[in-house]
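Sequence lines, in order, name chains H and C. Position in the first sequence counted from 1, then plus 14, gives you my numbering. Position in the second sequence counted from 1, then plus 4, gives you my numbering. All C-beta atoms in this analysis are idealised placements derived from N, C-alpha and C, irrespective of residue type, glycine included. Written below as structure tokens is the structure these notes are about.
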Amino acid sequence: MRCDFADSLLQGYFDGELRGRRAAEFERHLRHCAHCATELVDLDLLRDRLHLAQLYEPATAALRQKINDPLQAAAPATAVSRPLVWHWLAAAAALLFVAIVLWRVGHGVPGDDYQAELAGEIVDALVRSQQPGQMNGIASSEERVVEGWLDGRARFAVPVRDFTNNGFPLKGGRVDAIEGHAVAVLVYERNGHPINVFIWPTRERDSPPRTGSRRSFQWVDWRKGKMEFCAVSDGSPLDLEQLRQLINSFA
Amino acid sequence: MNDFDAEDRLRFEQLVLPHVDAAFNLARWLVRSRADAEDVAQEALLRSYRFFRGFHGGDARAWLLQIVRNTCYTWLEKNRPMELSMEFDEELHLQTCATPETLAIAGDDRKRLTLALETLPPRFREILVLRELEGCSYKEIAAITAIPIGTVMSSLSRARRQLHSALVNPPQGARP
């Protein structure tokens, strides 16, 4: 017999979309509903299967070219230029952004959701950075060289460490923008897989690691000593955890 | 080219172009053909560029995917109207698209999953692609597909159930 919850709350719970009371309500239900418990396992199996099959199909280089070329020629719909309005809009957007940040700080948006959202953006930034011609960084395994390069660009002191002796050689660094902020990125290598560690200053307290995956990447995000770190890789999550511990022992 | 155009173009390149993969992936699964998906994605990107000034900040990926989706449906209406009109007749759809032979031929799981996904009606296919491949939140899916969040939840449930049964049970009327 199907359970009434199967079509609604169960899905939301499985997708991590239920908050607070509704999640608690469903968990209470779950304790004595074998149907929902089994269904959750099935959903999880199906999701794993979908992810393992790597069904995501990215755009080909030819398509990118086809999209880029006409952009150079085509003009946006309204040809009237209105720089003044534009500047006002930009100022309004900046104010709005400040308001949102203040609201977030004031109301304590649940850290988890925000972290997951952010990690999602970071993975997207990583994918973006891997496109040809997008590299804006320095390739070096010298701590001082990478640190010096980042110094002028990241606007905050980046703790750069090479972990070659522990099996995580430093490959370089770059800067990227997440939610409009400059962040520093350190690139390590492990078993042929690059690990990108995104670093930026935070005012939040230290937090334990939180992990997740997006597209074909694993991420782990944590805060230590007023810095937030998010390490992303398409390699093993165990490697990510090992690197996290190494970084934490110095942070 | 004046300054404003350059600024506009730069903004477009920074905000929208990073989502070309997402655009192609959604188009590929909606029109079920790579070659057609390239055309549709390209058209959607051009459209989004022409109307970029209508985009007032927010989630650029959701905004672009909305345009991709609409372009796909227009394309389907023009090129495969049957597919859209049959979408509520789920049994029939399963029958016509995935014969037991095609499912059996699909050796590895990737092929099996691809075929099973492609047998789903477009509305269910897109919601699974957005959730499982693109990692969209319910809120984003609601914005892209223009349906309420509650409906996202129930559609996902039906879509997952259908995908599951397309994988487990051979389609109706299929006897080896």
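C-beta atoms of residue i and residue j nearer than 8 Å
| i | j | result |
| --- | --- | --- |
| H:R229 | H:V137 | yes |
| H:F264 | H:D248 | no |
| C:A27 | C:L69 | yes |
| C:E42 | H:L23 | no |
| H:L57 | C:R114 | no |
| H:G226 | H:W236 | no |
| H:L140 | H:V246 | yes |
| H:L60 | C:L137 | no |
| H:M241 | H:P208 | no |
| H:L32 | H:F40 | yes |
| H:L44 | H:A51 | yes |
| C:S158 | H:D21 | yes |
| C:A39 | H:A73 | no |
| H:A196 | H:R158 | no |
Backbone secondary structure at residue i - three-state DSSP
| i | result |
| --- | --- |
| H:A67 | coil |
| C:K115 | helix |
| H:P215 | strand |
| H:S263 | coil |
| H:A171 | coil |
| H:K240 | coil |
| C:V20 | coil |
| C:P152 | coil |
| H:G162 | helix |
| C:F28 | helix |
Opposing strand residues paired with residue i [DSSP bridges]
| i | result |
| --- | --- |
| H:Y202 | H:L184 and H:I209 |
| C:D63 | Paired residue(s): none; C:D63 is not in a bridge. |
Neighbourhood of residue i by C-beta distance below 8 Å, restricted to the same chain and skipping five residues each side
| i | result |
| --- | --- |
| H:P183 | S155, D176, F177, Y202 and E203 |
| C:R73 | L30, L34, E130, I148 and T149 |
| C:R51 | I71 and T75 |
| H:N205 | G249, S250 and D253 |
| H:R258 | P223, V234, W236, F243 and A245 |
| C:R36 | E122 |
| H:G120 | With a pLDDT of 43 at H:G120, under the threshold of 50, the modelled position of that residue is not reliable, and no figure is offered here. |
Pick from the options that is closest to residue i, judged by C-alpha positions
| i | options | result |
| --- | --- | --- |
| H:A75 | C:L49, C:A48 and C:D25 | C:D25 |
| C:R146 | C:R116, C:S169, C:L117 and C:W67 | In the sequence on display, residue 146 of chain C carries Ala and not Arg. Of the listed residues, the one whose Cα sits closest to C:A146 is C:W67. |
| C:L117 | C:S159, C:A170 and C:R36 | C:A170 |
| C:R135 | H:F19, H:C17, H:D18 and H:G26 | H:G26 |
| H:N179 | H:L260, H:Y70 and H:R45 | H:L260 |
| C:A64 | H:E135, H:A73 and H:H195 | H:E135 |
| C:C3 | H:A130, H:G162 and H:L66 | The shown model of chain C, from 5 to 180, leaves out residue 3 of chain C, and the question about it has no answer. |
| H:R167 | H:V199, H:N262, H:C47 and H:I81 | H:V199 |
| H:A191 | H:Y70, H:A133 and H:Q68 | H:A133 |
| C:R162 | C:K143, C:R32 and C:P126 | C:P126 |
| C:W79 | C:G61, C:R57 and C:E47 | C:E47 |
| C:P22 | H:R42, H:R142, H:C17 and H:E193 | H:R142 |
Same chain, Cβ closer than 7 Å to residue i, five either side skipped, listed in chain order
| i | result |
| --- | --- |
| H:L64 | none |
| H:E218 | R237 |
Closer than 9 Å at the beta carbon, the chain A residues around residue i
| i | result |
| --- | --- |
| C:S161 | Absent here is chain A; the protein component of the structure consists of chains H and C. |
Beta-carbon contacts of residue i that lie in its chain and below 6 Å, excluding the five residues immediately before and after
| i | result |
| --- | --- |
| C:E59 | The sequence given here has Phe at residue 59 of chain C, not Glu. Here the set comprises W67. |
| H:A153 | G186 |
| H:W163 | I152 |
| H:E161 | V174 |
Residue i Cβ short of 7 Å to the ligand ADP heavy atom set
| i | result |
| --- | --- |
| H:R158 | With respect to the ligand ADP, the structure shown offers nothing to examine, as it has no ligands at all. |
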